[in-house]
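Student: Right, I'll just put the structure down here and ask away after.
Residue numbers (our numbering), protein chains in the order written: chain A, 1 to 770; chain C, 1001 to 1346.
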């Protein structure tokens, strides 16, 4: 048999289907596709504080009931305001709400072991200067001191925690339990209002005057204050209603008009957002006569300390010339009278004539922010909220993120499609997901919103998995795998379709724990052009990372990612920050290609807390890269293959060995007991480049990274007839300094031969051969 | 964002590739080259010498100062008499302080503005007002005829206006009427007299308490950034004839040219009164509206341009010095003003 060379280049991602293409892989672990068109080892993660801060300490000082649970970061948000203002906001499972601030550690003195005692974050503060430190106010009955603070709701591990959205330069946060809050870079305020204003009370302005006949026992004369000046005063003049006939005088219209008005008040907060309207005041009634119009005196309600102004609305004259009420279709319209720019004034005198009233404001133009929403999204200048008990999508007035007019709601119907499980604004559409349904909300030409049902079958199970992936579509995790919604731009002709992206990794998808999948986390690593979705495996919390390499359309996986929540920073460099759900690995982590392993530096931060003598460490993981090709099927049942060499095309990174093994006939076991290893250098000794720790200044020159061929000799004569084989490239625990590697292709020199000539019967006796 | 991370970790045994170092260094260079923020600097001591001047802020100033005596108004900024609105250039082409600068990047400005101004004139509009405000009637039992206060006065009447003055000649301002050393004559209660007493006028100064002083003229100032108001003073009345304001405020500015102007408005402020009447109040004859107060405020502080000024001599029927020269109208001039603009770069 002659040996043949089988060359495989342009390696692609995992495809676990039984028969697939040669460039596919059966398994790619801890690797990342590189735009040189090769697979390199992926980065790792470590604490943002590296080994300088013990995040378990935070948990120690908090007032947590269940200490066994350990520290978790329950939600994380990126808040950016302007070009140079980016903050990482996160919540902890003691109910604290914090802002990452590594700078505060700088000028403090570390503890003896080198770990800092100062928290690398600030608690956010609310309008009353109370810190969100996770402490509920406690009264010490002995010292009569109150420990004050604020505490946010702590979600369960398989819940999604607080969701956020930036609107108008502010960060709005909801979790379905606490009131919605808004952070403006300085303080946290309640979004919307805690209450609607009380009913105002109004009465016409009267004056008293001492009549001349007081001396003879008369009372003070009380009269309505009036004015003849144009453009001042309430009421109507010159009625054309009833007539009177005085003695000997001709009939004329009565010079008197009974007028009636009602008032409403709204609150305005610091961000210019307006509350619901109060109940209308009782009708203020008075009479205009003698060409004089009147003034109305009002008692105004005062709001809580979030209120900075109030707006006063009024009807026009509610009574006709006969003092009968005008129909509600006209009479109950409320117009703006005045904005009172404080929260102190309780008395106001209204002298604005009907003709000078401001804009018409309907009660249904205003409304409260939904308090129990879990999902929030900004779309077409409106804030959308959903996920409350009513299973409705509600949206704000345009440009007013805290004003939710009563009629601004979309009932997606289809109650059997389950509850709303996610919302994501993307490509001119707001996609709303239910457990078994997908709906697209689009804006109508008149500014309103409409929805279309896209699916009543596929839905989303993990609200945080939804991400818009460049070149791919809108990805989301459903019960049946990871799907992508494509082509739903309003103005394109491309059909909207739902594609199962996870078909090639069916085995991996089957490992996802359905009951905990709700908490899966997705995010986009723009640096490495990857979409991540971190899923819980059976019986575990989130730990398995499915990575979609969107530039090349390939899957790989990574292990030991305890992502409880994650956020990608925007601005100069895109980095993924995530909070851990593993109390053996507590804190806030950042993923970076600089790190080879997981929590390598952070694991040592516990030393000083426990006392140096204990040498107790947090968990660290040293997962190494594995690239296993798909099983190459070379021949039929009766023909064999014998692999002689595997030539690995990889990048010469240095002297740290790259290793290889084989799998035959889809056996789970590898062929060789120990992996074959070769250094990552050119085979020719003359071509080898100087390496760190050995190179000398003046003697050696800088090297460069280039692809080289590394030949591995293998034999499997001792095994059964080989019909299929797979190549495994990896680094293992025996590598002293496992670090960079990159595979760009491979070739196999193999002897292949048939033992018999086999012809298919269908060919031989096919009808055209008769 | 100040959270920067090295990109590459070269390890032992790897080929020495210069890009490994460059890639990592790039992160920090990128940060220093224009991405330093509060995160980098909050707790980080940087010596003053490490920054060139005007790294973080620039300061601009513009001022106005009248030459000569404060009484000489013409060298100051004359507040407009043509408009009650804000003006920034007067009839002599003199400008209020103005700062025009190019901001190299977005930021904010802190303005500090001060202005000192002076009022000159009696504030009277016409002869009728002269009669109402300046006439001092005879005060029993002191024997004299009517006296008119305010000959050549540069101040309006208001509060106490005396008929006893220091001057000895009619031309001296306020000098008409009794002179301090004059002995007072009195009438007896039965009308006989006058009898010259040994009391001197200075011991019993005669005059009139003018309740409703001529405190109806006012100026206000504001500072605007590209037409947006930063701070405004509100009306400052002429009751204090030499007065000052200080205004301060902060406003964001965008990169590019910014003009910070100061403006002044002068006006006569009057409240307009409406009349009232009620249909319920009736007197004993059933007539309505007979006993009602005649006025109420309908519109307060309506601004009208300041009155023109003119020195006018009135012939009076006063016993002493029948000719009185009155400076009708009133002038206001900003005699000194200063605008400081601190531009803080964001």
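Yeah, the Cβ is synthetic: ideal placement off N, Cα and C, and Gly gets one too.
#1: Skipping 5 residues on each side, what residues in its chain have a beta carbon closer than 6 Å to that of residue 398 of chain A?
#2: Within its chain, find whatever has a CB closer than 7 Å to the CB of residue 1143 of chain C; leave out the 5 residues flanking it on each side and keep chain order.
#3: Give the interface partners of residue 41 of chain A over in chain C, defined as CB-CB distance under 7 Å, in chain order.
#4: Residues of chain A with CB closer than 7 Å to the CB of residue 1301 of chain C, please, in chain order.
#5: Return the chain-ordered list of same chain residues with a C-beta closer than 6 Å to the C-beta of residue 1171 of chain C, the five sequence neighbours on each side being excluded.
#6: Looking only at its own chain, which residues have a Cβ that is under 7 Å from the Cβ of residue 739 of chain A, when we skip the five neighbours before and after it?
#7: Does DSSP put residue 63 of chain A in a helix, in a strand, or in coil?
#8: Can you give me the Cβ contacts of residue 141 of chain A inside the same chain, cut-off strictly under 8 Å, excluding the 5 residues immediately before and after it?
#9: Note down, in chain order, every chain A residue with its Cβ under 8 Å from the Cβ of residue 1328 of chain C.
#10: Tell me, please, whether the CB atom of residue 810 of chain A is closer than 7 Å to any CB atom in chain C?
#11: Less than 8 Å between C-beta atoms, sequence neighbours within five positions excluded: which residues of the same chain meet that for residue 1204 of chain C?
#12: Output yes if chain C places a C-beta closer than 7 Å to the C-beta of residue 63 of chain A; else output no.
#13: Taking the CB atoms as reference points, tell me whether residue 1118 of chain C and residue 1333 of chain C lie closer together than 7 Å.
#14: Considering only the alpha carbon of each residue, which of A:643, A:124, A:705, A:694 lies closest to residue 753 of chain A?
#15: Going by DSSP, what residue range makes up the alpha helix (DSSP H) through residue 77 of chain A?
#16: Between the beta-carbon of residue 1327 of chain C and the beta-carbon of residue 1121 of chain C, is there less than 7 Å?
#17: Run through DSSP, which three-state label would residue 375 of chain A get?
#18: Can you confirm whether residue 689 of chain A, when its beta carbon is compared against all beta carbons of chain C, has any partner nearer than 7 Å?
#19: Report all residues from its chain with a CB closer than 8 Å to the CB of residue 1004 of chain C; omit the five preceding and five following residues, and keep chain order.
#20: What is the rounded straight-line gap between the Cα of residue 1263 of chain C and the Cα of residue 1087 of chain C?
#21: Check the Cβ-Cβ distances between residue 1022 of chain C and every residue of chain A, and say whether any is below 7 Å.
#22: At the 7 Å Cβ level, is residue 702 of chain A part of the contact set with chain C, yes or no?
#23: Could you tell me whether the Cβ of residue 591 of chain A comes closer than 7 Å to any Cβ of chain C?
#24: Mind checking the region 721-752 of chain A against chain C and listing, in chain order, the residues whose C-beta falls within less than 7 Å of any C-beta there?
#25: Inspect the beta-carbon positions of residue 1178 of chain C and residue 1157 of chain C and report whether they are closer than 7 Å.
#26: To the nearest angstrom, how far is it from the Cα of residue 626 of chain A to the Cα of residue 465 of chain A?
#27: CB-CB under 6 Å to residue 320 of chain A, same chain, minus the five flanking residues each way: which ones, in chain order?
#28: Any Cβ of chain A within less than 7 Å of the Cβ of residue 979 of chain C?
#29: Return no unless some Cβ of chain A is closer than 7 Å to the Cβ of residue 1013 of chain C.
#30: DSSP three-state label for residue 345 of chain A, please.
#31: Under DSSP, the alpha helix (DSSP H) around residue 538 of chain A begins and ends at which residues?
#32: Please list, in chain order, the chain C residues whose beta carbon lies closer than 8 Å to that of residue 695 of chain A.
#33: Quick check: what's the CA-CA separation for residue 578 of chain A versus residue 654 of chain A?
#34: Pick from A:341, A:538, A:73: whose alpha carbon is nearest that of residue 516 of chain A?
#35: Which residues in chain C have a C-beta closer than 8 Å to the C-beta of residue 48 of chain A? List them in chain order.
#36: Opposite residue 23 of chain A in the DSSP bridges: which residues?
Tutor: A quick look at the data gives this:
#1: As a working mapping, residue 398 of chain A is identified with position 398 in the first chain. Shown here for residue 398 of chain A: same chain residues with a beta carbon closer than 6 Å to its own, the five before and five after excluded, namely 381, 382 in chain order.
#2: In the second chain, the residue the question calls residue 1143 of chain C occupies position 143. The residues are 1185, 1186, 1187, 1193, 1194.
#3: Numbered from 1 along the first chain, position 41 holds the residue referred to as residue 41 of chain A. The contacting residues do not exist; residue 41 of chain A stays about 11 Å from chain C at best.
#4: Indexing the second chain from 1 puts residue 1301 of chain C at position 301. In chain order: nothing, as chain A lies at least about 15 Å away.
#5: Position 171 of the second chain, counted from the first residue, corresponds to residue 1171 of chain C. Caution applies to residue 1171 of chain C, whose pLDDT of 46 falls short of 50 and renders its modelled position unreliable; the value that the coordinates give is listed next. Result list for residue 1171 of chain C: empty, nothing under 6 Å.
#6: For the purposes of this step, residue 739 of chain A is taken as residue 739 along the first chain, with counting starting at 1. Here the set comprises 596, 656.
#7: Taking the first residue of the first chain as position 1, residue 63 of chain A is located at position 63. Reliability of the predicted coordinates at residue 63 of chain A is poor, the pLDDT of 48 falling under 50, and no value is obtained from them.
#8: The count along the first chain starts at 1 and reaches residue 141 of chain A at position 141. Cβ within range, chain order: n/a, list empty.
#9: For the purposes of this step, residue 1328 of chain C is taken as the residue at position 328 of the second chain. What residue 1328 of chain C touches in chain A: nothing, since even the nearest Cβ is about 30 Å away.
#10: The first residue shown for chain A is 1 and the last is 770, placing residue 810 of chain A beyond what the model contains.
#11: Within the second chain, the letter at position 204 stands for residue 1204 of chain C. Excluding positions up to five away in sequence, the list reads 1142, 1184.
#12: Along the first chain, one-based indexing puts residue 63 of chain A at 63. In this prediction, residue 63 of chain A scores a pLDDT of 48, lower than 50, which makes its location untrustworthy; the coordinate-derived value is nonetheless stated afterwards. Answer no: the Cβ-Cβ gap between residue 63 of chain A and chain C never drops below 7 Å.
#13: For this step, residue 1118 of chain C is matched to residue 118 along the second chain. For this step, residue 1333 of chain C is matched to residue 333 along the second chain. Yes. Within cutoff.
#14: Indexing the first chain from 1 puts residue 753 of chain A at position 753. Comparing Cα-Cα distances from residue 753 of chain A to each of A:643, A:124, A:705, A:694, the minimum goes to A:643.
#15: For the purposes of this step, residue 77 of chain A is taken as residue 77 along the first chain, with counting starting at 1. Run containing residue 77 of chain A: none in the alpha helix (DSSP H); it sits in the beta strand (DSSP E), 73-80.
#16: In the second chain, residue 1327 of chain C corresponds to position 327, counting from 1. In the second chain, residue 1121 of chain C corresponds to position 121, counting from 1. Yes, Cβ-Cβ distance for residue 1327 of chain C and residue 1121 of chain C is below 7 Å.
#17: Within the first chain, the letter at position 375 stands for residue 375 of chain A. Three-state result, residue 375 of chain A: strand.
#18: The residue you call residue 689 of chain A lines up with position 689 of the first chain. By this cut-off, residue 689 of chain A is an interface position.
#19: Within the second chain, the letter at position 4 stands for residue 1004 of chain C. Closer than 8 Å at Cβ, skipping near neighbours: 1027, 1028, 1030, 1031.
#20: For the purposes of this step, residue 1263 of chain C is taken as residue 263 along the second chain, with counting starting at 1. For the purposes of this step, residue 1087 of chain C is taken as residue 87 along the second chain, with counting starting at 1. Going by the C-alpha atoms only, they are around 5 Å apart.
#21: Here residue 1022 of chain C refers to the residue found at position 22 of the second chain. Taking Cβ atoms only, chain A never reaches closer than 7 Å to residue 1022 of chain C, which makes this a no.
#22: For the purposes of this step, residue 702 of chain A is taken as the residue at position 702 of the first chain. At least one chain C Cβ lies under 7 Å of residue 702 of chain A.
#23: For the purposes of this step, residue 591 of chain A is taken as residue 591 along the first chain, with counting starting at 1. Answer no: the Cβ-Cβ gap between residue 591 of chain A and chain C never drops below 7 Å.
#24: 737, 739, 740
#25: In the second chain, the residue the question calls residue 1178 of chain C occupies position 178. In the second chain, the residue the question calls residue 1157 of chain C occupies position 157. For residue 1178 of chain C and residue 1157 of chain C, no; Cβs fall outside 7 Å.
#26: Sequence index remark: in the first chain, residue 626 of chain A carries index 626 (1-based). Sequence index remark: in the first chain, residue 465 of chain A carries index 465 (1-based). So the alpha carbons of these two residues sit roughly 26 Å apart.
#27: The residue labelled residue 320 of chain A in the question sits at position 320 within the first chain. Same-chain partners within the cutoff: 326.
#28: The question about residue 979 of chain C has no answer here: the residues shown for chain C are numbered 1001 through 1346.
#29: Indexing the second chain from 1 puts residue 1013 of chain C at position 13. Taking Cβ atoms only, chain A reaches closer than 7 Å to residue 1013 of chain C, which makes this a yes.
#30: Taking the first chain and counting its residues from 1, one reaches residue 345 of chain A at position 345. Of the three classes helix, strand and coil, the one that applies to residue 345 of chain A here is coil, per DSSP.
#31: Start at 1 with the first residue of the first chain, and residue 538 of chain A comes out as number 538. Note, residue 538 of chain A: premise wrong, no alpha helix (DSSP H); not H, not E.
#32: Locating residue 695 of chain A in the first chain gives position 695, where the first residue counts as 1. Result: 1016.
#33: The sequence position of residue 578 of chain A within the first chain is 578, counting from 1. The sequence position of residue 654 of chain A within the first chain is 654, counting from 1. If I take the Cα positions, the gap works out to 32 Å.
#34: What you label residue 516 of chain A is simply residue 516 of the first chain in a count that begins at 1. Answer by Cα proximity: A:538.
#35: On the first chain, position 48 is the one that residue 48 of chain A refers to. Neighbours of residue 48 of chain A on chain C, chain order: 1003.
#36: Locating residue 23 of chain A in the first chain gives position 23, where the first residue counts as 1. None, per the DSSP bridge assignment.
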